[in-house]
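These notes are about the structure you will find just below.
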Amino acid sequence: MPRLPPKMDIYTSTGDLVYSRDLTGVIKTSGTEWNLVHRAKLHSELTRIATSGEGLGSPAKLFLDCKLADLNVHEPSLKLATGEIFRGDLIIGADGIHSWTRSFVAPGHKPFPYGKGCFRWLGPYDELASDPETERYAGTGLLNEWAGSDRRVIYYPFCDHTMANYAGFVPAHEAGTTTHSWDNAASKEVLLKCFESFGPSVRSILSKASANKLKFWPLMDMHSLPTWTQGFVVLIGDAAHPFLPFMAQGGAMAIEDGASLGALLPLGTAKSDILNRLSLYEECRRGRVEHIQEFTRRNGRDPDGSRGPRPSCESFQAKRALTGQPLNQVRLAKEAMDFMAFCVQHDEWKHSSDVLRQSLATTDRV
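Numbering-wise (the UniProt record's numbering), the sequence shown opens with residue 1 and increments by one.
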C-alpha cells in the first residue's frame, strides 16, 4: 500500500516556497502507518473481502439498484419500492452526506453549502516530470500546495507514483454549478479562469487536466447531530458526521466507525445487548470525530484570514514578518501536520474493545 509522501512543500500562488517540511518525523512520532490510497481501489478490495469467504461469519450479499421506500427503526426493517421487506438485528446507515437513513435518526438535519468547491482530476504522475515548467514539482514523494487569498491547488502522487491527484479549491459560485454532487462534470475553461492569477508553473499544471474527466465538487458541511442512533439504526461516516476535505480524514473516520462497531458487536452478540452497544459506539466515536471535524474546518480557512487564521501559505509570510522567526518555527505553519499525528496514531479497534471490556466488567460487578 502506498505510504504518504515524505515531504510537503507549500508555495504562494506565484510559486515562491514559503514552507517545507519533512513528514517522516511526523510518521515516526505517530507510531503507525500513514497511507494515501485510491478510493476506488480501496472500495473494490473491501467489497471483495466482504463478499468472500475470508474471515469469520457469513459473506455479505450485495443488492444493487434498490429503491428504498421506508424504514422501521424498532424491528428493524427496510421496505423497498417493490414492496419487498428486509429484516435483521441492526441497520447501519452508511449512505453518505445526503443520507436517506439520517431522516429516520435525526429528522430535519441536512447539510448546507460551505461556500467553496473543488475541481478534481487525476493524471499520470510522470507528466509533470516531462515538462520543464513543472518538473521541479515532480520529485518522488512530494505533496505540494499553492495558495492565493481565497483559493488553492493541491497535488500529490499515489498508486506507487504512477498517478497523481489534483484538487483546486475556489469560491463555489465561480464554477457555475448548483448540483451538490461530488461527481459533477466541470469545465476546463472555468478551471483555468479561476486560477488565471496564479504563476505560470501552476497554470501549466492545470492545463494538463483532462477536459473529459474533470469534476467539480461543491463542498457541504453540517451541524452536529443530536444522536447517531435511533432504535436499532445507527449512522456511520458522512451520514453521521460529514467531513470537509481539508485534512483528508472523511474516509478514514468512516473506516474507524466500522472498526468500532465491529469491536463492540462481535459474533454472538445478543439482540438484547445491541442498544447498549450502540450507545457505547457513540461514546467511543463522537468526541474524536468532532475534534477532527473542527480542526478540518480551521485548516480549510482562507489564507487571507477572512475566516480566521489557518496554517497555510501567505499567512506564513505575514507571521514570519511580524515575529522574525525562521519559517519552519512558526507555530501556525506546523500546526496541521502536528495535528495529523493525532489523526493517524489512533487505534479504534483497541479503543472500542477496551471500552466494551470496561463496560462488561462494570455490568458483571453490578
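Virtual Cβ for every residue (Gly too), placed ideally from N, Cα, C.
Consult DSSP for residue i and reduce its assignment to one of helix, strand or coil.
i    : result
A209 : coil
G57  : coil
S130 : coil
C118 : strand
S20  : strand
V153 : strand
K7   : strand
R301 : coil
G108 : coil
V344 : helix
E195 : Inspection of the sequence shows that residue 195 is occupied by Phe rather than by Glu. Coil.
I85  : strand
F295 : helix
W34  : coil
T47  : helix
L80  : strand
In its own chain, which residues sit with a C-beta less than 6 angstroms from the C-beta of residue i, not counting the 5 before and 5 after it?
i    : result
N144 : D9, Y137, Y155
L214 : W121, A186, K188
E256 : E348
Give every residue of the same chain whose Cβ lies closer than 8 angstroms to the Cβ of residue i, excluding the five residues on either side of it in the sequence, and list them in chain order.
i    : result
M247 : I292, F295, T296, N299, A336, F339, M340, C343
A60  : A50, T51
E75  : R87, F232
T177 : G117, N184, A186, F216, P218
Is it buried or exposed for residue i, if we count other Cβ within 10 angstroms and need 16 for buried?
i    : result
L191 : buried
T363 : exposed
I85  : exposed
L78  : buried
R152 : buried
P200 : exposed
F104 : buried
C284 : buried
T229 : buried
G93  : buried
L278 : buried
A172 : buried
Hey, would you say residue i sits closer than 8 angstroms to residue j, going by beta carbons?
i    : j    : result
C194 : V233 : no
P111 : M222 : yes
L235 : R102 : yes
A167 : F216 : no
K116 : L219 : yes
G123 : A164 : yes
A211 : S13  : no
I205 : L128 : yes
L356 : L267 : no
K271 : D89  : yes
L71  : I91  : yes
L56  : L68  : no
L17  : K7   : no
S352 : A259 : yes
D302 : S149 : yes
V202 : G83  : no
Grab me the residues of residue i's own chain with a C-beta within less than 7 angstroms of its C-beta, minus the 5 sequence neighbours each way, in chain order.
i    : result
S224 : E290
P226 : A106
G250 : D238, F243
Y114 : L219, M220, D221, L244
G53  : P59
Should residue i be flagged as near chain D, meaning a C-beta pair shorter than 8 angstroms?
i    : result
K188 : Going by chain labels, chain D is absent from the structure shown, which holds only one protein chain.
Whole runs of the beta strand (DSSP E) within the stretch 217-248, excluding any shorter than 3 residues = Listed in chain order, the complete beta strand (DSSP E) runs (minimum 3 residues) inside the stretch 217-248 are 233-235.
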